[in-house]
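Chemist: Let me give you the structure first, and then I'll get to my questions.
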Amino acid sequence: MKAHNAFSPRSILMAVLLAAAACSAFAAAPVDKIQAMLARPPVLCGRFDQSKQLVGIKKPLLSNGRFCVVSGKGVLWRTLQPFPNTLRLTRDEIVQMQGDRVAMRMDAKQEPVVKMINGVLFSLLAGDLSQLETLFELDGSVTGNSWNVALKARQPALAKAIGTLALSGGAYVKTVTINEASGDRTEISFSGLQSGSSAMTAEEGAALE
Amino acid sequence: MWVLAVGLLLAHNGYLWLVKGVVPDTDILALLPVQQRDPVLQQAFTHMVDAAQQRVIVLVGADDWEHARSAANAYNAVLAKHADVLQTGMQLSEQSQQDWLAPSQQMRLSLLTPSQQDALRAQPAKYWSDTALQQLYSPFSGPKLGAWQDDPFGLFSGWVQARAQETPVRPRDGYLFVEDKGRPYIVLLMTLRQPAFSMATQRAVLPLLEQAGAAARQAVPSVELVSAGVVLHAGAGSAQASREMSTIGVGSLLGIILLMWLTFRSLRPIGLIMLSIAVGCLGAFSVCWLIFGQVHLLTLVFGASLIGVAQDYGIYFLCNRVSADRKLDSRQLLRRLMPGLLLTLTAAVIGYVGLALTPFPGLRQMALFSVIGLLFAWLTVIFWFPALVSAATLNSSSFAAWFGQTRRHWPLLKWNGASLLALLLFASFALTGIARLKVNDDIRSLQTPPKALLADQIKLGKLLDAPTPVQFYLVRGASAEQVLQREEALKQKLEPLIARHVISGYQAMSSWTPSLQAQQANRTLVTQALLAPDGPLKAVAAQLGEDQGWIRQMRERALSGAASANGGQALTPEAFLKTAASEPSRHLWLGKVDSPEGAIYASIVALRGVDNYANLPLLQQAGEQLAGVQWVDKVSEISSVLGHYRQYMGWVLLGAYAAIYMLLFARYRFAAWRVLAPPALASIATLAVLGLIGQPLQLFHVLALMLILGLGVDYGIFMQEQSLQRDRFAWLTVGLSAASALLSFGLLALSGTPPLHAFGFTMLIGIAVVWMIAPCFSQDSPKEEKQ
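As structure tokens, then:
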């Protein structure tokens, strides 16, 4: 038996999990408050707009599309512009489709952390702060109907890999910002959020099955 | 003088057991011949197996991660106090993946997986520009082993992932873990500080593991512990052998005492026979220790059966004393018995010499142990019995008288119809049985680890998907570069086998450090397919709104990085082995080794997922016709050695029959066949029985046939000697002797150790048959009826 260190290059979140820190008793008051403000519908769909600013590339990379978060099932992230691309995270795998071609597939059987990645991504989009707290130090503030949370990785190696995260929202998460140590910056904002059984198109429902 | 010799023996034994505190050796491999014809192969095997042998792996499984962690912590806490016995391997570095992979990362243009090479040759530019852009736009999957610009097409990420796929084990929170059906298992790696086959190690380690397991169970009652390690098997084997040694030893001793009591109604003869056996055992142990420097536990187990033969001399003397004329002096009696005694000793020694002729060090030791033991017991009878036993000492019992009489009921073999019919019946029985006899030399059939251990082993193998240490390819070459090139040729043959699920993967040094030739080819491939001015980068630049200058910049970044990496040096195994990332691959590289042809380089290509033995020929084929590549299958190699020596021992057995016949011919002339016929017929009958009950023949059966010859000849000689003297007590001698041989050897049939069982079972049938038919071959001497 040989124990490799794990390599999980495809995802920030993979790195997050690899260096997962021990859960601490820390729970700042605002986090509880924010948690209480969040609606947690079983199905949540909407539009996303993403802007990525990369070191060495002049223009920001803009993309948009639709996403769905289905409790207990997973996440569907469909980029429509500038070109179609689908990311599907379910219990057992992460699949990235480039048109009809499978560009990447990670199987939970081969890569055991897949399940954890999916869990964290789900928490991130659904605003499940108590889950995120196992990996990040949370620092939040609440003003009226909206809230902000800054997430700082609990382990230095992880912080180095991912930088910091910031979430903001009200009843739902509205924006996610990722500031990487390398200087790359990603901003995602959500709009047109719908919940309930009509939120998801039949096509999306089928894609998550 | 003999008193002095025995005194010395006692002192030496006392010194060994009490002062030096000797412990018997338990390594079953010591029974196998040392492979001498190929030192490189031997080294490769040692390289693979020695490391594996010293390892103990425990999986701590629980319903969730928290529970698994607390159980693992409890387990480790116990072991931490005993670091001198068991080293726990929690050496997960704090370094980030980036630091860890830095040497490879610098050389990324030189590193490609086979499927990447195929894609670079086959896929159009659009495929690669799409790949690059998709990674840029995708929110959650940026290449995070460095900046996007350093690996725009995700080649290095893909290569790293391919390396990661070589094991399902992943670090998590400073632990190593695997997952099975949603259940987390923490992997605890431990290394023994002392040899796994030393009983002292087993005595220290096994209770410690028990204790650690108990602590884990106390912390988390529902914990699941899966343990594996050679030391566990060795421990179970030693425990079983010790147990059997005492039960079989004590059982045969008690049986023999009972027999003696029935025959002589006095404790004195028992004491005398025990004395001869004890001197035999002490002598055997001392001499073995002086010659081998150690005594194997199995030698002692086998030695327990020595009692059966060693007593023959004493019994022979005592039975004759009872029957002899009371006026006859014991010394005179001995002189009269001398020819028979000498013959029996010589015949037994010839039988054991057959064992000593095998190239198995363990068996040689057993043979020497037995010969020395017999010699010392024999000498004790010769020197002491006449002095200690006088005619007045012994009384015949009614049991002895009755038993002696029973011989009358045995039919004698004569030229008549009844004998012919018996012979015909026997021949047809023998032919049917032997026609059905199969052989099986598989080494695996010689091991019966406890079921729980085996189940754990299987589960662990499945969860960890570890490479097998007993089947691999050995690659040799004149230089490290040549070895790597040959590995690469082999890997091309293995890729299709992965696709066909014959194996799940392989581990090779060249996957981490390709040959210089392959590194160059990889760089050329990447440069041509991806970095050409009008290649995929162009489409990426257009999408990003960048210009030609950006393309040039990207290209230069890749090429100058590759050129300056590693101080301008290519990646070599020597350099790679100095990095932390090489830790899991170190067992693969033998490096420079001495061989009869001078110093050469060698490496191992290990295979994972070899769970179907029917696929082994496919793997063997894959390595054929590749220069410098050798398929190594230790299991079948040992099995074929066992098979070879089974046949070899068959010839030795026939040779021993011939040699003993010559010996007997010198004394008995044309009656010599009467001595040899019973063991020969018994051996044939034994083979027939094995065939009929479907037990395949193996080496240990043949070894037992050798002993049947040795003992059978004794009985023949007793009968023959005494029929010369027209004495009916011969039958009593044979009866006592055979009964106690059955008690000592036959009890081995109860052993759970397959070789001992095979041995004992053969003896059980063989000796019983010899005993039953020996009287039939006596000469028809009418004077006997006068009694």
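If you're matching them up, the sequences are chains A and B in order. Under full-length UniProt numbering, the first residue of the first sequence is numbered 1, with each subsequent residue one higher. Under full-length UniProt numbering, the first residue of the second sequence is numbered 1, with each subsequent residue one higher. All residues carry an ideal CB built from backbone N, CA and C; glycine is no exception.
#1: Nearest CA to the CA of Gln-134/B: which residue from Trp-2/B, Pro-339/B, Ala-539/B, Gly-354/B?
#2: Apart from the five residues on each side of it in sequence, which residues of its chain come closer than 7 Å, Cβ to Cβ, to Phe-292/B?
#3: Taking the C-alpha atoms as reference points, what is the distance between Met-200/A and Gln-54/B?
#4: Show which residues of chain B have a CB atom less than 9 Å away from the CB atom of Val-55/A.
#5: Asp-130/B touches chain A at which residues, Cβ-Cβ below 7 Å?
#6: Is the CB-CB distance between Ala-707/B and Gly-351/B below 9 Å?
#7: Using a 10 Å radius around the Cβ and a threshold of 16 neighbouring Cβ atoms, would you call His-587/B buried or exposed?
#8: Listing by chain order, which chain B residues have their CB less than 8 Å from the CB of Asn-85/A?
#9: By alpha-carbon positions, which one of Ser-585/B, Leu-747/B, Gly-716/B ends up nearest to Cys-776/B?
#10: How many whole angstroms separate the CB atoms of Leu-474/B and Ala-44/B, which I take to be in contact at a CB cut-off of 8 Å?
#11: Measure the alpha-carbon distance for Gly-14/B versus Val-250/B and round it to whole angstroms.
#12: At the level of alpha carbons, what is the spacing between Leu-272/B and Val-635/B?
#13: What's the gap between the Cα of Ser-24/A and the Cα of Thr-134/A?
#14: From Ala-347/B, Met-199/B, Ser-115/B, Pro-754/B, pick the residue whose C-alpha is nearest to that of Gln-161/B; which is it?
#15: Inspect the beta-carbon positions of Val-60/B and Ala-68/B and report whether they are closer than 9 Å.
#16: Give me the chain A residues within the contact set of Gln-543/B, using Cβ-Cβ distance strictly less than 8 Å, ordered along the chain.
#17: Locate the alpha helix (DSSP H) running through Phe-156/B, then write down its first and last residues.
#18: Please go through the same chain and pick out, in chain order, the residues whose beta-carbon is closer than 8 Å to the beta-carbon of Asn-64/A, but skip the five residues on each side of it.
#19: Give me the Cα-Cα distance between Leu-437/B and Val-629/B, rounded to the nearest whole angstrom.
#20: By the three-class DSSP mapping on this structure, what secondary structure does Trp-731/B have?
#21: Indicate whether Gly-496/B and Ala-236/B have their beta-carbon atoms separated by less than 9 Å.
#22: Is DSSP giving Phe-26/A helix, strand or coil here?
#23: Excluding the 5 residues flanking Thr-177/A on each side, which residues of the same chain have their C-beta closer than 6 Å to its C-beta?
#24: From this set, Ala-680/B, Leu-699/B, Ile-660/B, which residue's C-alpha is nearest Val-641/B's C-alpha?
#25: Enumerate in chain order the residues of its own chain whose CB-to-CB distance from Glu-721/B is below 6 Å, with the five nearest sequence positions on each side excluded.
#26: To test your reading of the DSSP string, which unbroken alpha helix (DSSP H) runs of 4 or more residues are found completely within the segment 464-514 of chain B?
#27: Excluding the 5 residues preceding and the 5 following Gly-404/B in the sequence, name in chain order all residues of the same chain whose CB lies nearer than 7 Å to its CB.
#28: Please determine, among Cys-319/B, Val-295/B, Asp-84/B, the residue with the shortest C-alpha to C-alpha distance to Pro-269/B.
#29: Name the two residues that bound the continuous alpha helix (DSSP H) containing Leu-209/B.
#30: Is Phe-360/B helix, strand or coil when you go by DSSP?
#31: Could you tell me which residues DSSP puts in a beta bridge with Glu-93/A?
#32: Measure the Cβ-Cβ separation of Phe-745/B and Tyr-316/B and say whether it is below 9 Å.
#33: Mind checking if Gly-142/B is an interface residue toward chain A, Cβ cutoff 9 Å exclusive?
#34: Judging by CA-CA distance, which residue of Gly-461/B, Ala-599/B, Ala-391/B, Ser-242/B is the nearest neighbour of Ala-478/B?
#35: Is there a Cβ from chain B that is less than 9 Å from the Cβ of Gln-50/A?
#36: Give me the chain B residues within the contact set of Thr-79/A, using Cβ-Cβ distance strictly less than 7 Å, ordered along the chain.
Modeler: Quick answer:
#1: The residue you call residue 134/B lines up with position 134 of the second sequence. Gln-134/B has its Cα closest to that of Ala-539/B, out of Trp-2/B, Pro-339/B, Ala-539/B, Gly-354/B.
#2: Against the second sequence, residue 292/B aligns to sequence position 292. Cβ within range, chain order: Gln-365.
#3: In the first sequence, counting from the first residue as 1, residue 200/A sits at position 200. In the second sequence, counting from the first residue as 1, residue 54/B sits at position 54. Approximately 57 Å, taken between the alpha carbons.
#4: Along the first sequence, read from residue 1 onward, the residue named residue 55/A stands at position 55. In chain order: Ala-147, Trp-148, Gln-149.
#5: Position 130 of the second sequence, counting from 1, holds the residue named residue 130/B. The answer, in chain order, is Gln-98.
#6: Residue 707/B sits at position 707 when you count from the first residue of the second sequence. Residue 351/B sits at position 351 when you count from the first residue of the second sequence. At residue 707/B the sequence reads Leu, which differs from the Ala that was named. For Leu-707/B and Gly-351/B, yes; Cβs fall inside 9 Å.
#7: Along the second sequence, one-based indexing puts residue 587/B at 587. It is buried - the Cβ of His-587/B has at least 16 other Cβ atoms within 10 Å.
#8: The sequence position of residue 85/A within the first sequence is 85, counting from 1. Within 8 Å Cβ-Cβ: Gln-134, Tyr-137, Ser-138.
#9: Within the second sequence, numbered from 1, the residue matching residue 776/B stands at position 776. Ranked by Cα distance from Cys-776/B, the options Ser-585/B, Leu-747/B, Gly-716/B are led by Gly-716/B.
#10: Start at 1 with the first residue of the second sequence, and residue 474/B comes out as number 474. Start at 1 with the first residue of the second sequence, and residue 44/B comes out as number 44. Confirmed, Cβ separation roughly 5 Å.
#11: One-based indexing of the second sequence puts residue 14/B at position 14. One-based indexing of the second sequence puts residue 250/B at position 250. Roughly 21 Å separates the two Cα atoms.
#12: Position 272 of the second sequence, counting from 1, holds the residue named residue 272/B. Position 635 of the second sequence, counting from 1, holds the residue named residue 635/B. Distance between the alpha carbons of Leu-272/B and Val-635/B is about 47 Å.
#13: Here residue 24/A refers to the residue found at position 24 of the first sequence. Here residue 134/A refers to the residue found at position 134 of the first sequence. A caution first: Ser-24/A carries a pLDDT of 33, below 50, which makes its placement in the model unreliable, though a value can still be read off. Distance between the alpha carbons of Ser-24/A and Thr-134/A: 7 Å.
#14: For this step, residue 161/B is matched to residue 161 along the second sequence. When only C-alpha atoms are compared, the closest one is Ser-115/B.
#15: The count along the second sequence starts at 1 and reaches residue 60/B at position 60. The count along the second sequence starts at 1 and reaches residue 68/B at position 68. With a cutoff of 9 Å on beta-carbon distance, Val-60/B and Ala-68/B are scored as near each other.
#16: Position 543 of the second sequence, counted from the first residue, corresponds to residue 543/B. Scanning chain A for C-beta atoms nearer than 8 Å to the C-beta of Gln-543/B yields Pro-82, reported in chain order.
#17: Residue mapping note: residue 156/B aligns to position 156 of the second sequence, counting from 1. Start and end: 155-164.
#18: For the purposes of this step, residue 64/A is taken as the residue at position 64 of the first sequence. Result list for Asn-64/A: Arg-47, Phe-48, Asp-49, Gln-50, Thr-79, Leu-80, Gln-81, in chain order.
#19: For the purposes of this step, residue 437/B is taken as residue 437 along the second sequence, with counting starting at 1. For the purposes of this step, residue 629/B is taken as residue 629 along the second sequence, with counting starting at 1. Answer to the nearest angstrom: the Cα atoms are 38 Å apart.
#20: Your numbering for residue 731/B matches position 731 in the second sequence. In the structure shown, Trp-731/B sits in a helix (DSSP, three-state: H, G or I).
#21: Within the second sequence, residue 496/B is the residue found at index 496, counting from 1. Within the second sequence, residue 236/B is the residue found at index 236, counting from 1. What sits at residue 496/B in the sequence shown is Pro, not Gly. Contact check for Pro-496/B against Ala-236/B fails: the beta carbons are separated by 9 Å or more.
#22: The residue labelled residue 26/A in the question sits at position 26 within the first sequence. Low per-residue confidence applies at Phe-26/A: pLDDT is 40, beneath 50, and the placement is therefore not dependable, though the value from the model is reported in the following sentence. Of the three classes helix, strand and coil, the one that applies to Phe-26/A here is coil, per DSSP.
#23: Residue numbering aside, residue 177/A sits at position 177 when the first sequence is read from its first letter. Ala-166, Glu-187.
#24: The count along the second sequence starts at 1 and reaches residue 641/B at position 641. Measuring from the Cα of Val-641/B, the nearest candidate turns out to be Leu-699/B.
#25: The count along the second sequence starts at 1 and reaches residue 721/B at position 721. Excluding residues up to 5 positions away in sequence, Gly-340 lie with their Cβ nearer than 6 Å to the Cβ of Glu-721/B in the same chain.
#26: Scanning the segment 464-514 of chain B for uninterrupted alpha helix (DSSP H) segments of 4 residues or longer gives 480-499, 509-512, listed from N- to C-terminal end.
#27: Residue mapping note: residue 404/B aligns to position 404 of the second sequence, counting from 1. Answer for Gly-404/B: Arg-728, Phe-729, Trp-731, Leu-732, listed in chain order.
#28: Taking the second sequence and counting its residues from 1, one reaches residue 269/B at position 269. Closest in C-alpha terms to Pro-269/B, from the list Cys-319/B, Val-295/B, Asp-84/B, comes Cys-319/B.
#29: Position 209 of the second sequence, counted from the first residue, corresponds to residue 209/B. From DSSP, the alpha helix (DSSP H) with Leu-209/B extends over 199-219.
#30: In the second sequence, residue 360/B corresponds to position 360, counting from 1. Secondary structure of Phe-360/B (DSSP, three-state): coil.
#31: Here residue 93/A corresponds to residue number 93 of the first sequence, with the count starting at 1. Glu-93/A is bridged to Asp-107/A.
#32: Position 745 of the second sequence, counted from the start, is the residue given in the question as residue 745/B. Position 316 of the second sequence, counted from the start, is the residue given in the question as residue 316/B. Cβ distance not < 9 Å, so Phe-745/B and Tyr-316/B don't count as in contact.
#33: Counted from its first residue, the second sequence places residue 142/B at position 142. Its pLDDT being 41, under 50, Gly-142/B is placed unreliably by the model, and nothing is read from it.
#34: Here residue 478/B refers to the residue found at position 478 when the second sequence is read from its first residue. Comparing C-alpha distances from Ala-478/B to each of Gly-461/B, Ala-599/B, Ala-391/B, Ser-242/B shows the shortest one belongs to Ala-599/B.
#35: For the purposes of this step, residue 50/A is taken as residue 50 along the first sequence, with counting starting at 1. Gln-50/A counts as touching chain B.
#36: As a working note, residue 79/A is residue 79 in the first sequence. The answer, in chain order, is Tyr-137.
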